[in-house]
Amino acid sequence: MLVIPVLIPLNYFDGRGHQLDADGRAAKDHDNAQVTGLDTLAWGNIRPSNAHRYWAHLVISILTIAWVCALFFYEMRAYIEIRQTHLTSADHRSKPSAATILVDSIPEEMCTDSELRKLFNHFPGGVKNIWINRDFSLLLQLIDRRDAIVQQLEVAETTLIRNAHYAHQSRWNRGKAGDWRRLFRGNSKSTGIQGTSGKRPDPREFSSTDCEKDNSSGLREKILKYLADFKGVKTYSLRQEFVQTFYFAFLFIQVFLVVSIASFFTASIKELATNVRGVQQASVVVNILARNLPKASNYFFSYMVLQSFSTSAATLLQVGSLISHYIVAPMFDVSPRDKWSRKMKPHSVKWGSVFPVYTNFACIALIYCIISPLISVFAILTFGLIWLAQRYAILNFYRSDHDTGGVLYPRALNQTFTGVYVMELCLTGLFFMAKDEKANAVCTAHAIIMATALVATVLFQAFLNWRFAPLFRFLPVDLGNDEVTMTGQKKQVKDDFQLRQMVLEDVSNIDERNEVSEDLRTNTINKLSTEFPTTLEEVPINRREILVDEAFKHYALTVRRPIIWIPRDGLHVSKDEIDHCQQISGSIDMCNDGAYLDDYGRVVCHDKPPDFSEFAYVKL
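Its first residue numbered 3, the sequence shown is counted upward by one per residue in the working numbering.
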């Protein structure tokens, strides 16, 4: 906030140009510089006779760098405190992942349970479970093929039941239906028939998360994921770190460097061509390039506004969910499993591809905050809208499939230093090229000070990582003591209690304002109580040990045998199909519980699939 009221007036008043609303045909001054529009608020509008104003730019830049470094230090310290509180909480310590280590490069002769127990039982506490990972690629292919056949069979059976329902209706009732209803039924039946022949597209592939993918999480994310797998990344957390590192590098080069350099030279070519006779010396060319460097920021004004409004609007509107539920679902969802999967599939977010986008915004804002201080206004608008849109979506809408342990946040902070370094380099070069009315270099001292600030920033980042980097992945030994963690546990319980009280007060206020009936509240509580557990503490004690024993077993060893799930109908066609299936083969299970066909021939689900585990969402 200090940059805007100080630097914008200094750049504008008594500058090369004053026409904020000019169309580019401003009068030229003595050095043939043409500054119009938003460029009058930037670095390039300062006249050579006002070169003493660069001291203000130097002071503000030093204060900005100091503020950013101090902010990063306090953010790192707060992050470490929150991370340690979370990792030492009772909820996290009860997870198997909190006490499990990954050991690789084990000799083949030792890849047995008995040999590994002999080796690791010497450690304090011994070993409780050992999971040996093996190559199940061929088995996974068979499982995928089986699931595809099951899906096709469910679609075919559901289509048969629906067609029988339509055929049973009297012609008078069908004729009584409106044209739009008949058209919808015809499209529904034709869509269902598509699943009986050939390979049917999986409707669950058209989920809301896929529909929401834009330039920040599309093909490039998949390519980086495949590169991570090709490199041999073993865990999901390491894969997200790999994606975050290289995706930020890609965004910084593509969005910032390429655009800045292209805009920079595009703005300079016209002036160089116009004054081709006067550019006999290299210093003249350098001065022209230095004067046009701030003009490259004009593109990022519109870029940040567009990104802020589009990102926040898409988050609030959830266009992907609307398309998924109201367009894709009626076209492709036929079987009960399709409809249940679409409703219950969580909206997962991959932070490895989200952090780089916001980090790149921060870098752009830092780089141009001194050269073109108006960028700070757009940066405040961008992050303000994103914060408003994401504050509730993160807690109530998004779901993280895997726990990264919070290692992505400090990496994002370290990547933000890139913006500080580029800002310091640009300012150092601009100070060296600053001239007065006599063409004398008057800002050499400024440049030396800025170069010193660059070195100091590098040393500060090295100190920051030396001080906090070991705590990004490890915990101090003394945090394992109950006495040490008691303060954090009490604070967490207090925060949870306050949050619960706030929620109850909000519910009471809503109940009083809207006069919600007691029956509605009871139904809501009953609905929430039937949700699937997501933590190990919510699992019954007699089932916890079973889940822990299978926590890190390969998917091919724990996957259940699928049950053909079809809807119950009034004609008992589903019952006949179940009996017929049992007569054909005793290895194929078919069930019609939890779904039924209504009077309009629509599949309605009121329970989970028969082969679905209620503990599938428990994070281990």
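Note that CB positions come from ideal geometry on N, CA and C, so glycine has one too.
For residue i, the first and last residue of its enclosing alpha helix (DSSP H)
i: residue 70; result: 56 to 89
i: residue 247; result: 238 to 253
i: residue 11; result: 5 to 14
i: residue 389; result: 377 to 398
i: residue 18; result: Taken as a continuous stretch (DSSP letters only), residue 18 belongs to no alpha helix (DSSP H), as it is neither H nor E.
i: residue 330; result: Segment: none, residue 330 is in no alpha helix (DSSP H) and carries neither H nor E.
i: residue 304; result: 300 to 319
i: residue 165; result: 139 to 170
i: residue 117; result: 115 to 122
i: residue 358; result: 353 to 370
i: residue 544; result: 543 to 551
i: residue 414; result: 410 to 435
i: residue 132; result: Looking at the DSSP string, residue 132 is not in any alpha helix (DSSP H), and its letter there is neither H nor E.
i: residue 472; result: 472 to 475
Exposure of residue i, with buried meaning 16 or more beta-carbon neighbours within 10 Å
i: residue 442; result: exposed
i: residue 263; result: exposed
i: residue 564; result: buried
i: residue 143; result: exposed
i: residue 121; result: exposed
i: residue 113; result: exposed
i: residue 449; result: buried
i: residue 611; result: buried
i: residue 489; result: For residue 489, the predicted model reports a pLDDT of 48, less than 50, meaning its position is unreliable and no value from the coordinates is stated.
i: residue 542; result: exposed
i: residue 341; result: buried
i: residue 519; result: With a pLDDT of 37 at residue 519, under the threshold of 50, the predicted position of this residue should be treated as unreliable, and no value is reported.
i: residue 528; result: Residue confidence for residue 528 is low, a pLDDT of 38 falling below 50, so the modelled location carries little weight and cannot support an answer.
i: residue 123; result: exposed
i: residue 468; result: exposed
i: residue 46; result: buried
i: residue 2; result: There is simply no residue 2 to check, as the chain begins at 3 and stops at 622 in what is shown.
i: residue 560; result: exposed
i: residue 455; result: buried
i: residue 616; result: exposed
i: residue 479; result: exposed
i: residue 339; result: buried
Member of the options whose CA lies at the smallest distance from the CA of residue i
i: residue 440; options: 49, 8, 4; result: 49
i: residue 434; options: 428, 369, 446; result: 446
i: residue 299; options: 577, 363, 377, 69; result: 377
i: residue 384; options: 312, 321, 399; result: 312
i: residue 296; options: 613, 113, 42; result: 42
i: residue 238; options: 547, 66, 353, 140; result: 353
i: residue 319; options: 390, 359, 52, 251; result: 390
i: residue 156; options: 12, 605, 438; result: 605
i: residue 404; options: 537, 577, 161; result: 537
i: residue 594; options: 575, 14, 586; result: 575
i: residue 105; options: 331, 135, 477; result: 135
i: residue 129; options: 137, 6, 116, 140; result: 116
i: residue 251; options: 399, 417, 328; result: 417
i: residue 427; options: 255, 314, 452, 436; result: 452
i: residue 474; options: 7, 78, 55, 4; result: 78
i: residue 472; options: 436, 413, 102, 460; result: 413
i: residue 374; options: 59, 315, 52; result: 59
i: residue 555; options: 315, 99, 582, 249; result: 99
i: residue 14; options: 40, 226, 5; result: 40
i: residue 137; options: 557, 621, 150; result: 557
i: residue 243; options: 336, 410, 460, 145; result: 410
i: residue 573; options: 601, 585, 586; result: 601
i: residue 2; options: 462, 608, 583, 545; result: Coverage of the chain is limited to positions 3 through 622, which leaves residue 2 absent and any answer about it impossible.
i: residue 553; options: 616, 622, 590, 255; result: 622
i: residue 51; options: 63, 18, 67, 65; result: 18
i: residue 590; options: 256, 349, 149, 228; result: 149
i: residue 359; options: 349, 315, 306; result: 306
Extent of the continuous beta strand (DSSP E) run through residue i
i: residue 597; result: 597 to 599
i: residue 607; result: 605 to 607
Nearest-angstrom Cβ-Cβ length linking residue i and residue j, presumed shorter than 8 Å
i: residue 422; j: residue 70; result: 6 Å
i: residue 408; j: residue 85; result: 5 Å
i: residue 167; j: residue 599; result: 6 Å
i: residue 566; j: residue 152; result: 6 Å
i: residue 303; j: residue 357; result: That pair is no contact at about 23 Å.
i: residue 424; j: residue 388; result: Rounded, the Cβ-Cβ distance is 22 Å, inconsistent with contact.
i: residue 372; j: residue 9; result: 7 Å
i: residue 597; j: residue 570; result: 7 Å
i: residue 4; j: residue 55; result: Not confirmed; about 16 Å, so no contact.
i: residue 226; j: residue 245; result: 5 Å
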